[in-house]
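Chains as they are written, first to last, in our numbering: chain A, 114 to 478; chain B, 114 to 478.
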C-alpha cells in the first residue's frame, strides 16, 4: 500500500458493512469483545466482521457466520507508550485492524470501519500514522455522545486527542462534527456551539475568541450552522447538536460527568440499602428505578469516533463491558452504513476551499 | 482609606463574626437574601450582619437583632459589564459590602467577611480593585466545593476567575487552596491534585507539565502535599482534598456537573411520573428518594470563596434560593471564624519566600 494514497475509501452505502475489530484491546480483551461481536452479528445480518487478535484467543469465533479471523502476534497494552505502539509493535491487533480500513491500490479497503478498545493515545497515533488526515484537517479529533434533556444526545469534540488547539483547529472540529451529525443523524444543518465560560462573544481565552470569529465567518458563508457560545451545562441541556472544545477541556468535562454519574448511582444504592425498610422501598420502586438506570446508562453512549482521518476508526471505552462494546460496534456500523467518510470529506473540502483557514487566522492575529 | 495598605484584617478568631451582605445581588435580590439572613442569624448567635442595599428593600430587617443596615443607592445588575460595575456604580451594594471588609487605618475592618450573589465578573473585579491581592499572589481565584464519594467534599479552584493561567498561577492556587482547607477543615496537610487528562507526569499541555514541576518542587520543600495529576472524575471520587485547574477548565467542569445533575433529577422525576403505577412506586420510595435528594442537593455546596485578596469575599450562585444563600453565609462564617485570611497569608508568604516562583519558572523555560 502507498501511504500517501489520496484516494478515500467511500464506505458502505450499499452492500454489507465490513468491520475490523481489534479483539485484544481494552481492560478485558476478547472476554468482552467476542461476546459483544457475537451479539452484534446476530442483530446485524448485513454486517461482516474481521476479528483481529491472537488466534488462540479467537478460537471460539472460528465458526461464526459472516466472520473472518486475522492473526496478530502482538498486543498494544493499555499502558504502552505511543512510541512502543507505533515503532515496536507493527504486528499488533490494533495496527492490523487499522490497516484494514486503509484503501489499497484500487482505492478500496478490506473494511469500512475499525473498532478498538485499546489505549486512546496509541490508537490515535497509529491511526494517524497509518491512515493520514484528510486534506484541510491538521489534527484528528475524538468525538463522543452525551445524553441530553431533550431525550436525545449531544455530539462533543474534541474529547482528548488535542491538548493545545488553535482557533483553526476548533473550526475544523466544527466542520467534522457537522459532517458526522448530518451523515449519521440525517440533519442537514446541525447546530454548533463553542464551549466557553459565558454566552457573550467577549468571554473566554484569546484562542476561544478567535475561534468564535472563524465560526461566525464560516456561518456567514453558509458553511456552518453556528449557534454561538455555550456553557458546560448546555452539553446536557441539548442546546445545540454539536459542542466544540479543545481536547483538554472536553476530556475533563467528560470524565467529570462520569465521576458525577458514579457518585449519583452509588448514593442511590447506598440510600436504598440503608435499612430493611429502605430496601422494601427500593423493591417497590424497582421497575421505575430500572427504567431510570437504563435511560442514564452511560454504556449506551460508548463509542467515540476518531474524525479527520482517511478511514473510519471508532474507540470504545477501555473498561466497557459486553453491552458497552456492542454499542461502540453499533455506532461504527451506523457511520459506515451512512457513508460518513465520503460525506465528511466532501463537506470539509467545500468549506475550506471557500474559506482558506490559514488566511482567516492570519488576519485575526 | 489607603488602598496600598499592607495590613491584613486578621479575622474573627474570638468574638462575634461580623459579616457584610450585599442584599441586592443575584437573580432574586432581597426576596432571597433577607429570609436567608434571618434564618442564618437565628442559627448563629455569635454572628452580626451588616445588610447593604436600598433602604426601602431592607425595611423588613430594620428591627432584627445583631443587624445593621447600610444604604446603597446603586445596584450592579447581573448583566452589567465589569466596566460599569467598577467605574460607574461606586455606590453599589456590591461595592459598599466589599469596602466593609477592607481594613481601615488602624488595620481593622468593619466586617470580617462579605457575601454577594452578584455577577461573578463584577464581584471579582471590584473585590480586586478595592481589596488588592496579598503579597505573592498575582491573581485571585474562585474556590468551590463538590460532593465526593467519600461522603465529604473536594475543594476545586479556579472555577472561572482566570481563563489563561501560567504554571506559577496554578502553584499559587494550590497554596491558597491548601490554606483554605487547612484553616477551615483543620487538616494540617491537605492533599493537592493537578487536574489533567491522565495520571502520568508527561500528560497534558505545556503549562500543565510546568505546573506539575512547580508543585513537585514545592512538595519536595515541604510546603505542599502534592498528590500528582488527577482526572475529571477524581473531583467526585475524593482522591484528593484540593483539585487545582485553570478557570476555563474549572468553570466548564462545574457547569457540566450542574447540567448532568439537572438531567439526572429531571429523568428520575419523569420516570416516577410516567404512569399511576410509577407514581405509587415513587410514593413508596419517597422517604429514601428524599434522603437521596438532600444528599446530592447542590444548594448544600453553594458559596465559593474568592481567594488571594486582602479581605474575605464569598460568592453565592446568582440563582440560589433561600436555603442555597444560607449555605453561602455558613461557608463565609466558617472561613471568618477560623481566621482564614491570616492563615492563608502566613502560608503563602512562607512558601513563596522559600521558593521564589519567578526563579523556578525561569529555569523551566
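Beta carbons are placed, not taken as given, at the ideal position from N, Cα and C, and that holds for glycine.
CA nearest to the CA of residue i, picked from the options
{"i": "residue 337 of chain B", "options": "B:169, B:344, B:348 and B:325", "result": "B:325"}
{"i": "residue 362 of chain B", "options": "A:230, A:321 and A:378", "result": "A:321"}
{"i": "residue 447 of chain A", "options": "A:296, A:345 and A:380", "result": "A:296"}
{"i": "residue 242 of chain A", "options": "A:212, A:291 and A:271", "result": "A:212"}
{"i": "residue 282 of chain A", "options": "A:250, A:294, A:259 and A:292", "result": "A:250"}
{"i": "residue 173 of chain A", "options": "A:147, A:240 and A:163", "result": "A:147"}
{"i": "residue 234 of chain A", "options": "A:274, A:265, A:209 and A:210", "result": "A:274"}
{"i": "residue 431 of chain A", "options": "A:190, A:180 and A:452", "result": "A:190"}
{"i": "residue 428 of chain B", "options": "B:266, B:291, B:161 and B:238", "result": "B:238"}
{"i": "residue 161 of chain B", "options": "B:143, B:180 and B:152", "result": "B:180"}
{"i": "residue 384 of chain B", "options": "A:399, A:182, A:318 and A:327", "result": "A:399"}
{"i": "residue 332 of chain B", "options": "B:164, B:305, B:396 and B:206", "result": "B:305"}
{"i": "residue 204 of chain A", "options": "A:135, A:248 and A:268", "result": "A:135"}
{"i": "residue 259 of chain A", "options": "A:422, A:367, A:439 and A:404", "result": "A:367"}
{"i": "residue 422 of chain B", "options": "B:248, B:328 and B:144", "result": "B:248"}
Backbone CA spacing between residue i and residue j [nearest angstrom]
{"i": "residue 352 of chain B", "j": "residue 257 of chain B", "result": "16 Å"}
{"i": "residue 435 of chain B", "j": "residue 415 of chain B", "result": "11 Å"}
{"i": "residue 462 of chain A", "j": "residue 276 of chain A", "result": "25 Å"}
{"i": "residue 441 of chain A", "j": "residue 379 of chain B", "result": "27 Å"}
{"i": "residue 454 of chain A", "j": "residue 159 of chain A", "result": "19 Å"}
{"i": "residue 221 of chain A", "j": "residue 236 of chain A", "result": "22 Å"}
{"i": "residue 140 of chain A", "j": "residue 360 of chain B", "result": "33 Å"}
{"i": "residue 459 of chain B", "j": "residue 229 of chain B", "result": "26 Å"}
{"i": "residue 347 of chain B", "j": "residue 177 of chain B", "result": "44 Å"}
{"i": "residue 437 of chain B", "j": "residue 149 of chain B", "result": "8 Å"}
{"i": "residue 167 of chain B", "j": "residue 433 of chain B", "result": "20 Å"}
{"i": "residue 311 of chain B", "j": "residue 356 of chain B", "result": "14 Å"}
{"i": "residue 371 of chain B", "j": "residue 392 of chain B", "result": "26 Å"}
{"i": "residue 261 of chain B", "j": "residue 215 of chain A", "result": "45 Å"}
{"i": "residue 406 of chain A", "j": "residue 412 of chain A", "result": "11 Å"}
{"i": "residue 131 of chain A", "j": "residue 210 of chain A", "result": "12 Å"}
{"i": "residue 369 of chain A", "j": "residue 175 of chain B", "result": "45 Å"}
{"i": "residue 264 of chain A", "j": "residue 318 of chain A", "result": "32 Å"}
{"i": "residue 246 of chain B", "j": "residue 417 of chain A", "result": "44 Å"}
{"i": "residue 129 of chain B", "j": "residue 301 of chain B", "result": "25 Å"}
{"i": "residue 354 of chain B", "j": "residue 402 of chain B", "result": "28 Å"}
{"i": "residue 424 of chain A", "j": "residue 252 of chain A", "result": "14 Å"}
Residue i classed as buried or exposed, judged by whether at least 16 other C-beta atoms fall within 10 angstroms
{"i": "residue 138 of chain B", "result": "buried"}
{"i": "residue 444 of chain A", "result": "buried"}
{"i": "residue 155 of chain B", "result": "exposed"}
{"i": "residue 484 of chain B", "result": "As displayed, chain B neither begins before 114 nor continues past 478, which places residue 484 of chain B out of reach and without an answer."}
{"i": "residue 450 of chain B", "result": "buried"}
{"i": "residue 389 of chain B", "result": "exposed"}
{"i": "residue 374 of chain B", "result": "buried"}
{"i": "residue 240 of chain B", "result": "buried"}
{"i": "residue 467 of chain A", "result": "exposed"}
{"i": "residue 232 of chain A", "result": "buried"}
{"i": "residue 219 of chain B", "result": "exposed"}
{"i": "residue 464 of chain B", "result": "buried"}
DSSP three-state assignment for residue i, whether helix, strand or coil
{"i": "residue 135 of chain B", "result": "strand"}
{"i": "residue 208 of chain A", "result": "helix"}
{"i": "residue 463 of chain A", "result": "helix"}
{"i": "residue 197 of chain A", "result": "helix"}
{"i": "residue 227 of chain B", "result": "strand"}
{"i": "residue 433 of chain A", "result": "coil"}
{"i": "residue 304 of chain A", "result": "strand"}
{"i": "residue 458 of chain B", "result": "helix"}
{"i": "residue 114 of chain B", "result": "Because residue 114 of chain B carries a pLDDT of 36, less than 50, the predicted location of this residue cannot be relied on, and the following value inherits that uncertainty. Note: residue 114 of chain B maps to coil in three-state DSSP."}
{"i": "residue 536 of chain A", "result": "The structure shown does not extend to residue 536 of chain A, since chain A is modelled only from 114 through 478, so no value can be given for it."}
{"i": "residue 309 of chain B", "result": "coil"}
{"i": "residue 364 of chain A", "result": "helix"}
{"i": "residue 250 of chain A", "result": "coil"}
{"i": "residue 263 of chain A", "result": "coil"}
{"i": "residue 357 of chain A", "result": "strand"}
{"i": "residue 128 of chain A", "result": "coil"}
{"i": "residue 215 of chain B", "result": "coil"}
{"i": "residue 314 of chain A", "result": "coil"}
{"i": "residue 245 of chain B", "result": "coil"}
Contact belief for residue i with residue j at Cβ below 8 Å, rounded distance in angstroms
{"i": "residue 133 of chain B", "j": "residue 224 of chain B", "result": "4 Å"}
{"i": "residue 113 of chain B", "j": "residue 289 of chain B", "result": "Residue 113 of chain B lies beyond the stretch modelled for chain B, which goes from 114 to 478, so this question has no answer here."}
{"i": "residue 254 of chain A", "j": "residue 270 of chain A", "result": "5 Å"}
{"i": "residue 394 of chain B", "j": "residue 397 of chain A", "result": "6 Å"}
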